[in-house]
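Below: the structure, in structure tokens.
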Ligand SMILES: [Zn+2]
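In this note's numbering, the protein residues as written are 1355 to 1839.
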């Protein structure tokens, strides 16, 4: 197999740094026996079972799967300004324990990441604290949409639009004119939109009619699927009109899955994400778990969950993102109407989804289920967000990011195992199937389960590539049009 580790430029003779052998290599296309070799942080070669090149270190992966390092394209690591909830030291450790080697962070911090210059300041603040590599989503400031035309993939891989808000997401685009302008601008400059697609006006109507939720079991009925359905219908119409690439986040209801699947089938550039928590909990769990699973969008009914699982298993869903959005125990203990939505999830993503796949589809081959995960949580987010040149697959020349997974280990999620700063998990007491034994980022072990040790916090800010081509009119023309009103 050809190998050209193009960013090493070093002597490529002699022993490689690391060989992993006797494993099962997971790709979106299938699972193959073999291993891989690593030189200077990149995959040097994919190895057949009988290939054993000389190496400084050898790992025997017998009985283990070798997955590509996972990419969580939806985390809130809360820097700057909200670091009492989470920070990059804790958040990136939680990622490493969960087999995630790259995260893409959301912009609703304090202050938010609105201006491309904010990205450089944020990267400087993170430097030296993250175990995992990272890039950013840009926030959209309704008052300054022209900032969208200034951003490059270096600063942000997409622009995030909140169509409904909450405590830590106050910057909602409510005006239809502003929303139209954002879709038109994003299409013109070739940036993908990622959307919290719930309709704020629908929720305002319901609150005005029946008041805010007083008990946790009221929450789903006060933040119902109609908010999501109305917003998704608007998104589809705007995509149809402007050709904007749109990725709808944390889709929660069967109706939204159907609408978005139909729109994609009709050729529109729409994709969508689901979260582990919408796959793991239903509204019936709310009475027991209270604020821990108060989420935005709300946790829905069993029939919705079945539809989400079908889209994960059979296609439809493009990415699974954790929406890791921790709050402190104290914040979550506030009265029902004030407890902020969100939960930690970057550590739980892989075990929760793999466990769910085994429970819901016990007769499916493990190989096929892991292949699907290698697409949903590695190859697909890498392609969608412009980092496929380095991340998302096990291939020569790409970064040596991989995970050793023991598929048959079972274990219980406990509060003391939570690496996130908040120290709690909605999955406490769950029996999980499949354990991450080793997480490797650019050839370095960043999590070793046996010894409970982490690597060095040398995570890099990634240079993404444009994942879309700007259409006409030109960026300059759009900027002129925007500054005119
Ligand atoms: Zn989020």
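The C-beta atom is built at its ideal place from N, Cα and C for all residues, glycine as well. Quick caveat: nothing in here was measured; it's all calculated off a predicted structure.
Open item on the list: Just checking residue 1558 against ligand 1 - is the residue's beta carbon closer than 7 Å to any of the ligand's heavy atoms?
Closed with: no
Task: CB contact flag (residue 1414, residue 1394, <8 Å) - done: no
Open item on the list: I want to see whether chain C comes within less than 8 Å of residue 1405, judged by CB atoms only; does it?
Closed with: Judged by its chain identifiers, the structure shown contains no chain C, having just a single protein chain.
- [ ] Leaving aside the five residues before and after residue 1403 along the sequence, list all residues of the same chain whose C-beta is less than 6 Å from its C-beta, in chain order.
- [x] Within the same chain, residue 1403 has close Cβ partners 1387, 1388.
Task: Local Cβ density within 10 Å of residue 1529, reported as buried at 16 or more and exposed below that - done: exposed
Task: Through-space distance from residue 1710 to residue 1634, alpha-carbon basis - done: 7 Å
TODO: Note down the Cα distance separating residue 1819 from residue 1762, rounded to an integer number of angstroms.
DONE: Cα to Cα, the separation comes out at about 38 Å.
TODO: Look at the alpha carbon of residue 1646 and the alpha carbon of residue 1678, and state the distance between them as a whole number of angstroms.
DONE: 13 Å
TODO: For residue 1832, I'd like the list of residues in its chain whose CB is within less than 8 Å of its CB, leaving aside the five on either flank, ordered along the chain.
DONE: Because residue 1832 carries a pLDDT of 42, less than 50, the predicted location of this residue cannot be relied on, and no value is offered for it.
Task: As assigned by DSSP and simplified to three states, the class of residue 1648 - done: coil
Task: Boundaries (first-last residue) of the alpha helix (DSSP H) holding residue 1442 - done: It spans 1442–1451 - the alpha helix (DSSP H) in which residue 1442 sits, taken as one unbroken run.
Open item on the list: When you compare the CB positions of residue 1641 and residue 1571, do they come within less than 8 Å of one another, or not?
Closed with: yes
TODO: Sort out for me which residues DSSP pairs residue 1787 with in a bridge.
DONE: 1764
Open item on the list: Considering only the alpha carbon of each residue, which of 1382, 1780, 1446 lies closest to residue 1794?
Closed with: 1446
Open item on the list: Let's see if you can read the secondary structure: which residues bound the alpha helix (DSSP H) around residue 1530?
Closed with: 1530–1543
- [ ] Count the other C-beta atoms from every protein chain shown that fall within 10 angstroms of the C-beta of residue 1810, then say buried if there are 16 or more, exposed otherwise.
- [x] Counting every other CB atom within 10 Å of its CB across the protein chains shown gives residue 1810 a total below 16, marking it as exposed.
- [ ] Would you kindly check if the distance between the Cβ of residue 1488 and the Cβ of residue 1510 is under 8 Å?
- [x] no
- [ ] Identify, in the order they occur along the chain, each residue of the same chain with its Cβ nearer than 6 Å to the Cβ of residue 1496, setting aside the five sequence neighbours on each side.
- [x] Taken in chain order, the residues that qualify are 1527, 1532.
TODO: Look at the alpha carbon of residue 1380 and the alpha carbon of residue 1567, and state the distance between them as a whole number of angstroms.
DONE: 45 Å
Open item on the list: ligand 1 and residue 1375: does any heavy atom of the ligand fall closer than 7 Å to the residue's C-beta?
Closed with: no
Open item on the list: By alpha-carbon positions, which one of 1408, 1498, 1760, 1619 ends up nearest to residue 1704?
Closed with: 1760
Open item on the list: Just checking residue 1517 against ligand 1 - is the residue's beta carbon closer than 7 Å to any of the ligand's heavy atoms?
Closed with: No - ligand 1 has no heavy atom lying nearer than 7 Å to the Cβ of residue 1517.
- [ ] Could you name the residues that DSSP lists as bridge partners for residue 1514?
- [x] According to DSSP, residue 1514 bridges with 1493, 1548.
TODO: Throw me the rounded Cβ distance for the residue 1801 and residue 1451 pair, which I believe falls under 8 Å.
DONE: 5 Å
- [ ] Report all residues for which the CB-ligand distance to some heavy atom of ligand 1 is below 6 Å; order them along the chain.
- [x] 1428, 1430, 1460, 1677, 1679
TODO: Report the rounded CA-to-CA distance for residue 1398 versus residue 1383, giving the unit in angstroms.
DONE: 21 Å
Open item on the list: Per the DSSP calculation, residue 1601 is bridged to which residue(s)?
Closed with: 1548, 1625
Task: Distance cut-off 7 Å: residue 1432 Cβ against heavy atoms of ligand 2 - done: Annotation note on ligand 2: not contained in the displayed structure, which lists ligand 1 as its ligands.
TODO: State buried or exposed for residue 1464, treating a residue as buried only when at least 16 other CB atoms are found within 10 Å of its CB.
DONE: exposed
Open item on the list: Please report the distance separating the alpha-carbon of residue 1588 from that of residue 1798.
Closed with: 45 Å
Open item on the list: Looking at residue 1758: is its Cβ nearer than 8 Å to the Cβ of residue 1792?
Closed with: yes
- [ ] Would you identify the three-state DSSP class for residue 1394, choosing helix, strand or coil?
- [x] DSSP places residue 1394 in coil when its eight states are reduced to three.
Task: Coil, strand or helix - residue 1359 by DSSP - done: The predicted position of residue 1359 is uncertain, since its pLDDT is 37 and thus under 50; a value taken from the coordinates is nonetheless stated next. Here residue 1359 sits in coil by DSSP.
Task: Boundaries of the alpha helix (DSSP H) in which residue 1735 is found, first to last residue - done: 1734–1738
Task: Secondary structure of residue 1753, DSSP reduced to three states - done: strand
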